[in-house]
Each structure stands twice: as C-alpha cells, then as structure tokens.
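Going by my numbering, the first residue of the sequence shown is number 27, and it counts up by one from there. From the three backbone atoms N, C-alpha and C, an ideal C-beta is built for every residue, glycine too. Take a look at the structure set out below.
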Amino acid sequence: MTDVFIVGGGPAGLAAAIAARAKGFSVVVSDSGHSPIDKACGEGLMPDSLEALAALGVNLDGVAQSPPFRGIRFLGANSQVAATFPTGEGIGLRRTVLHEILVARAKAVGVELRWDNTVDDLHSVQARWIIGADGQKSRVRQWAGLEAAHRESKRYGFSRHFRIAPWADRVEVYWAQGCQMYVTPVAPDEVCVALMSRDPHLRHDGASAKFPQLMARLGDSDQTTPERGAVSATRKLKRVVNGNVALLGDASGSVDAITGEGLCLAFRQASQLAEALELGDLERYQKWHRIMMRRPALMADFMLLMDRLPAVREPALKVLEMQPGIFARLLQVHVLGGDFCIDRFMPALLR
Ligand SMILES: Cc1cc2nc3c(=O)[nH]c(=O)nc-3n(C[C@H](O)[C@H](O)[C@H](O)COP(=O)(O)OP(=O)(O)OC[C@H]3O[C@@H](n4cnc5c(N)ncnc54)[C@H](O)[C@@H]3O)c2cc1C
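Set out below in structure tokens:
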C-alpha cells in the first residue's frame, strides 16, 4: 500500500514522483525498462523546461556538456529567420543523462523505484492515487476509460547523433516538403538530429536529399548512435482524470514534437498534479490541464500547417525573414506563455 503509485518512470513519471514526495506522500514508481532509459527525442530543454525542473528542485546548472542555445532558427528552401529567447537559455541534454539526473533526485527524496516491472492491470495496485505516466501508448489511459479524444493525429520521429562540433548557438529547424529535421547541440563535439514526418517509413537516409543545407553542414561526420524512432502524437483527451486515476506526460495527451514542448509540459503537469493530490482534488488538475494545453496546441497547429501546406510554408518563412520581430514575438509567447497564463489568469480560472 502506498499513497501514490506511478506507472511509468520516464521524465513525466519521475517528475511527478519527485513533486508528490515533496508534498509528503509515499510514492512508488514502476517501469518496464531499466534506468537510464533512452528514447527518440530532439533532446532540447527550452528555458521554460529548465524553470519547470528547477521548481521541482532539479537544478541542471553546469550539467550540460554543450554550450547553451540562445534561441531558435527556422531554415526553409530560400529563407531563414532566427530569434533569441526573451529570457534565459536552453540546453541540449542526452535523454539518458536527463533520466539519470531525475532518478538520482527521486532516490534522494525517497521515491521507491521498481525497474523491469511492467504493470499489467490496475486491480493489483494498492494505492490511494494512481498516476498513468506510461507514454504515448498508455494502457492506464485505456484501463481508466480515458481514451476518448477531441482530436488525434500522428507523426513519426527518428533521432540520431553525429560527432561534429555544434555550429550554431540556436536549435535549427530545417523545413522541407513533408518533413523537418532539427538539430540540437548536446556536447562540445556532438549534435542530435531529429527527423519528423507523417510517413512511418521515412528514415534519415531516405530524407537526407531533401535537406542539402544540413547535409553540407554534417559533411562526412560520424554517426554516433543508431537511429531511434517514436510516435509523436497530437492528442487532446476529453478527460485526464477518472476516480483516483490521473494521467500526465504523453499519456495525458501531447502536442507535436516539433514544438519542443513535451518535457516542459510534463514537468509543469507534475507540479500541478502534486498540488491537486495535496488538496485531494483531482478535478483541479483536470481543469488546469485543459487550460494549459491550449497555447502549445495552437503553436503546434501553426507548425503543422506549415508542414502540410507548402503554399503556406515558404511565404510564411519569407514574411518572418522580412519581419523577424514577428518570429521573436512568437518565440516569446511559446516559451513565456505558460508562465504568463499561470501568473495572471490561472488562479481566477481555477476558482
Ligand atoms: C522524435 C521526437 C523528438 C522530441 N523532441 C523533444 C524535444 O526536443 N524537447 C521536448 O521537450 N520534448 C521532445 N519530444 C517529446 C518528449 O520526448 C516526450 O514528451 C517525453 O518523452 C514524454 O515523457 P513521458 O514520461 O510522458 O513518456 P515516455 O518518455 O514515453 O515514458 C513512458 C515510460 O512508461 C513506461 N511504461 C509504459 N507502459 C508501462 C507499463 N505498462 N508498466 C510500466 N511501465 C510502462 C515506459 O517504459 C517509459 O519509460 C520529442 C518526441 C519525439 C518522438
């Protein structure tokens, strides 16, 4: 018997465990895999992700091996535009390193971690609260009757690493017909390259001809990790709470990976879920979750429109190139929007 039982020990599950322990709950986390868990990812932590982690007591100062990045650059066929984050900097961090750090913090605060431990149903779980942090294909979502979605679509992501010194102090997003590649610096001599598309069969080698600029940058640098794939869903669930079960992270709905928002959302949800557990009021989390997903979902819609419609993409990139202030404003809303919302409106909305 435990206060909180968490299915899934990825970034979301571990963040929720740390936040729940801080409220004094006993917490057990169970994961099918073994730490450190790797996953296909762009591996970029935006300034707002770092803030959300700091709020959980996880400080990543000095942890990143690569220099921080200061903003985002979009590169199209004939245009490019860059903007700097309004405050702070982001870092690239290998998923395994992030996982090790979260595991260390969870252990330090007294979370019980059970690896190689797949949860097959919820009947045997004895806990006051059950949290589903079991990723995109969440079974907890199914068991708790929370599958119903307002919207759902999928893209496919593949990431791999290259041995080359990062050439930019920004995350670079390269746009091509039907796919994007984005590059995050993760070490003084290594970058992570993630490919996103709607085609489940498209891999880096098949897509490379669409990205001549990037291929010229990468030259003949060595690939340091095998290609790793994952589904990136755009999913908005009708509800994320039922009885004593709550979902968080990708299990609770997600925005397309191209936004770089997945981890930030998970960390923020973790803090809010712990607050709701403390108050014994999961409906509060339900409400907060619905409101918080709106801004990232809007941003994702804009990006996916650029993905789908070349007639929109190239002119939009051209306009942004000519009016970089608009891009800077978009980036500001992207990384500060959450805080703005929480600080100004959330208390009133939750009443
Ligand atoms: C290609 C790609 C690039 C991305 N790039 C970025 C980026 O740059 N920045 C960013 O912030 N986000 C990015 N994301 C999104 C980010 O990776 C996810 O939002 C994040 O991994 C969500 O974490 P999670 O803990 O919810 O899920 P996961 O990381 O999927 O963890 C779920 C865990 O649950 C466990 N599990 C599942 N079922 C069970 C079970 N029955 N019993 C026990 N354990 C179970 C799994 O083993 C796993 O460890 C990207 C995603 C993709 C696909």
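- Nearest in C-alpha terms to Lys-65, of all of Gln-298, Gly-183, Glu-301, Glu-178, is Gly-183.
- Remark: three or more beta-carbon pairs, one from each stretch, lie closer than 8 Å, so the segment 135-147 and the segment 51-71 are flagged as touching.
- For Arg-294, the uninterrupted alpha helix (DSSP H) run begins and ends at 288-305, by DSSP.
- At the C-beta level, Ile-98 and Val-199 come within 8 Å of one another.
- For Val-54, there is no enclosing alpha helix (DSSP H); the residue is found in the beta strand (DSSP E) stretching over 53-56.
- Residue state for Gln-349 is assigned as coil, using DSSP reduced to three classes.
- DSSP, reduced to helix, strand and coil, places Met-222 within a strand of the structure shown.
- Exclusion of the five residues before and after Asp-215 leaves Arg-189, Ile-190, Ala-191 as the residues of its chain whose Cβ lies within less than 8 Å of its Cβ.
- Spanning the alpha carbons of Pro-112 and Ile-156 requires a straight line of approximately 38 Å.
- With fewer than 16 other Cβ atoms inside 10 Å of its own Cβ, Glu-178 counts as exposed.
- Not a single heavy atom of ligand 1 lies less than 7 Å from the C-beta of Thr-251.
- In the structure shown, Gln-168 falls within a helical segment according to DSSP collapsed to helix, strand and coil.
- By the CB criterion at 8 Å, Ile-117 and Gly-83 fall outside the cutoff.
- If you check the CB distance, Asp-282 and Met-329 come in under 8 Å.
- Between the alpha carbons of Gly-269 and Ala-80 lies a distance of about 30 Å.
- The criterion of a C-beta distance shorter than 8 Å is not satisfied by Pro-62 and His-149.
- For Arg-120, the secondary structure class from DSSP, reduced to helix, strand or coil, is coil.
- By the CB criterion at 8 Å, Gln-152 and Met-27 fall inside the cutoff.
- Sequence-distant Cβ neighbours of Ala-259 in its own chain, meaning closer than 6 Å and more than five residues away, are Gln-162, Lys-180, Ser-280.
- Ala-78 and Gln-298 have their C-alpha atoms spaced approximately 11 Å apart.
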